[in-house]
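Under our numbering, the first residue of the sequence shown carries the number 4, and numbering increases by one thereafter.
Every residue, glycine too, gets a C-beta built ideally from N, C-alpha and C.
Please read all numbers here as calculations on a predicted model, not as lab measurements.
What follows is one structure encoded as structure tokens, with my remarks underneath.
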Amino acid sequence: MRQMPPAHPFDDDKLHEECGIFGVVGVTDAANFIALGLHALQHRGQEAGGIVTHSQETGFHSARRMGYVRDNFTSQDVMQTLPGDIGIGHVRYSTAGSKGQTAIRDVQPFFGEFSMGGAAIAHNGNITNADALRKELIERGSIFQSSSDSECIIHLMARSMGRNIPARMEDALRKLEGAFSVVAMTRTKLIGVRDPLGVRPLVLGQVGDGWVLASETCALDIIGAEFIREIEPGEMVVISANEGVQSNFPFRHQASRFCIFEHVYFSRPDSILGGRSVYETRRQIGVELAREAPVEADLVCPVPDSGTPAAIGYAHESGIPYGMGIIRNQYMGRTFIEPTEQIRNMGVRLKLNVNRALIKGKRVVLVDDSVVRGTTSRKIKEMILDAGAAEVHFRIASPPTAWPCFYGVDTPQREKLLAATMTEDEMRQHLGVDSLRFVTLDGLYRAVGEANGRDPKAPRYCDACFSGDYPVAPSDMIEKGFTLKPAAK
Ligand code: SF4
């Protein structure tokens, strides 16, 4: 089989969300809804996708493919193999331990046959004690089919004595540490669960007489579903066409710690998170950034597309004109060409081009969402200077990313993160820009609605990649030698 190129051949200087999940019950031809929902969630994972459905006449059906949803789940040849009125789906970047090497056996949803019937499960997040669980399960006789930590859930369910599948799932999930938003299905029930901290998102919607679960509200919009509410942190919902939504809270209650980076970058700007428009939050980050880090300049430009709302906010607050100084080639995708070394060296120019007429002679504020390795930022700065800019000032709509994420986001090792090894001024010198400023953690918290900024004793969000304050100790990684930041005295 042809090896797929990496999902982001020219975009490896970003953090990447690893999965999007979707499920539906009580609709005719569920697979069509799922394909559309996964298409709307494609930004959360591009390497592979899968759909499982169930039909009362013909049982469970499954299709798992490498590549984009639009290339795999549009033809009648595939879609007619997925009949039924209930189903779940998953898009994947790649999960911990298998980055860049996705094999079809690692593509979710996973399926298990139990004495009370079959169940399929799809997971967004990362289980931070998966290595320990896997070792224990293998020692007790489980035979794993994949390298995915999510498969642990199926094996834990198989060992549970619960009387039905939701009860077994509760048992299994109680043994997990880390971040998990899950959609699962039996022959008649759709199940949705968020971990006790609610690190990753999951929302509930209604379409006609049917019900939908999805990572983000943009996946409800595409099928015309009405947004009902977010699944609460620590909540499990069991949904059937006849009985509607039943909710319970099987885990010990904890204060929630939703991923703040969902607001900064991962979620689509047209989604609603925690009752807030993602677009509006990003625009507000730009406002905070303009207040915290003003500069004399002639033009505010976003690094498209993810820097755009923050740049609009920065321009509005600072009074500096906004302009599209960098134009993105919307059609640059993996289907374009295999990333040979020669093509790689062209790097960011394949994806972004400078609007010379606008840039020439100007003092430019460039607004981006984050700096990870800094490789792309350097190239963009060179392009802007080549185009005749008088000065380049970077303004970053997130605090310095100095720590890896262990909760379902693809992050380089800590040593590869620019902010882990350099001060802000060293980063400025390294990038070769006239100034470099990041929004502060307090500024970011204000932008997401916390008027007093971050409460260091009880932060409302997971912000570990900025603060090093991990809400769940990443036990597998600690076992492998990862050192946590010393606790503040
Ligand atoms: S470490 Fe960062 S990216 Fe990961 S869940 Fe926390 S805030 Fe989100």
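According to DSSP, simplified to helix, strand and coil, what is residue i?
i       : result
Val-475 : coil
Asp-428 : helix
Gly-90  : strand
Leu-18  : coil
Tyr-268 : helix
Phe-183 : strand
Thr-511 : The question about residue 511 has no answer here: the residues shown for the chain are numbered 4 through 492.
Asp-371 : strand
Asp-413 : strand
Val-351 : helix
Glu-233 : strand
Gly-115 : strand
Lys-192 : strand
Leu-207 : strand
Gln-257 : coil
Phe-45  : Reading off the sequence shown, one finds Gln at residue 45, where the question assumed Phe. DSSP places Gln-45 in helix when its eight states are reduced to three.
Tyr-448 : helix
Phe-75  : Per the sequence presented here, residue 75 reads as Asn, with Phe not at that position. Here Asn-75 sits in helix by DSSP.
Gly-23  : strand
Arg-331 : strand
Glu-453 : coil
Ala-217 : strand
Ala-222 : helix
Ala-490 : coil
Glu-482 : helix
Thr-338 : Below a pLDDT of 50, predicted positions are generally treated as unreliable, and Thr-338, at 41, falls in that range; no measurement from the model is reported.
Gly-247 : strand
Ala-99  : Legend: pLDDT at Ala-99 = 46, less than 50; position of this residue unreliable, value from coordinates given subsequently. Looking at Ala-99 - three-state DSSP - the assignment turns out to be coil, as it is neither helix nor strand.
When you measure from the CB of residue i to every non-hydrogen atom of ligand 3, does any distance come out below 6 Å?
i      : result
Thr-84 : Because ligand 3 does not appear in the structure shown, any question about it cannot be addressed here, the ligands present being ligand 1.
Quick one: residues in its chain with C-beta nearer than 6 Å to the C-beta of residue i, no 5 flanking neighbours on either side, listed in chain order?
i       : result
Ile-323 : Ala-300 and Val-303
Ala-490 : none
Val-186 : Ile-24, Gly-26, Ile-91, Ala-125, Gly-195 and Leu-216
Phe-252 : Gly-237 and Glu-238
Asp-16  : Val-375, Arg-376, Thr-378 and Thr-379
For residue i, collect the residues of the same chain with a Cβ closer than 8 Å to its Cβ; drop the 5 residues on either side in sequence, then sort them by chain order.
i       : result
Val-267 : Arg-285, Ile-288, Asp-372, Ser-373, Ala-400, Ser-401 and Leu-447
Tyr-96  : Ala-10, His-19, Glu-20, Glu-21, Cys-22, Arg-47, Gly-48, Gln-49, Glu-50 and Asp-413
Arg-294 : Glu-320 and Gly-446
Met-430 : Val-374, Gly-377, Pro-403, Leu-421, Ala-422 and Leu-439
Phe-147 : Arg-137, Leu-140, Ile-141, Glu-154 and His-158
Excluding the 5 residues preceding and the 5 following residue i in the sequence, name in chain order all residues of the same chain whose CB lies nearer than 7 Å to its CB.
i       : result
Ile-107 : Arg-67 and Met-69
Arg-73  : His-42
Ala-33  : Val-27, Thr-56, Gly-87, Asp-88, Ile-89 and Gly-90
Phe-114 : Val-55, Phe-63, Ser-65, Gly-121 and Ala-123
Val-395 : Val-367, Leu-369, Lys-384, Ile-387, Leu-388, Val-436 and Asp-437
Exercise. Touch check for the segment 196–204 and the segment 240–260: three-plus C-beta pairs under 8 Å?
Worked result: Taking 8 Å as the limit for Cβ pairs, the verdict is that the segment 240–260 does touch the segment 196–204.
Exercise. Where are the beta strand (DSSP E) runs, 3 residues long or more, that stay fully inside the segment 276–311, in chain order?
Worked result: The qualifying runs are 302–305.
Problem set entry | Contact the segment 430–445 vs the segment 384–403: 3+ CB pairs below 8 Å | yes
For this session: Mind the definition here: the segment 122–136 touches the segment 470–484 only if three or more C-beta pairs lie below 8 Å; say whether that holds.
Result: yes
For this session: Assess, as a yes-or-no matter, whether the segment 421–428 is touched by the segment 261–275 under the definition of 3 or more beta carbon pairs within less than 8 Å.
Result: no
Problem set entry | Contiguous alpha helix (DSSP H) assignments of at least 4 residues, all confined to the segment 123–152 | Qualifying alpha helix (DSSP H) stretches, in chain order: 133–142.
Exercise. Taking three-plus beta-carbon pairs below 8 Å as touching, is the segment 148–168 in contact with the segment 198–208?
Worked result: no
For this session: Evaluate the contact criterion for the segment 453–465 versus the segment 248–263: three or more CB pairs, one atom per stretch, below 8 Å.
Result: Output reads yes: the segment 248–263 touches the segment 453–465.
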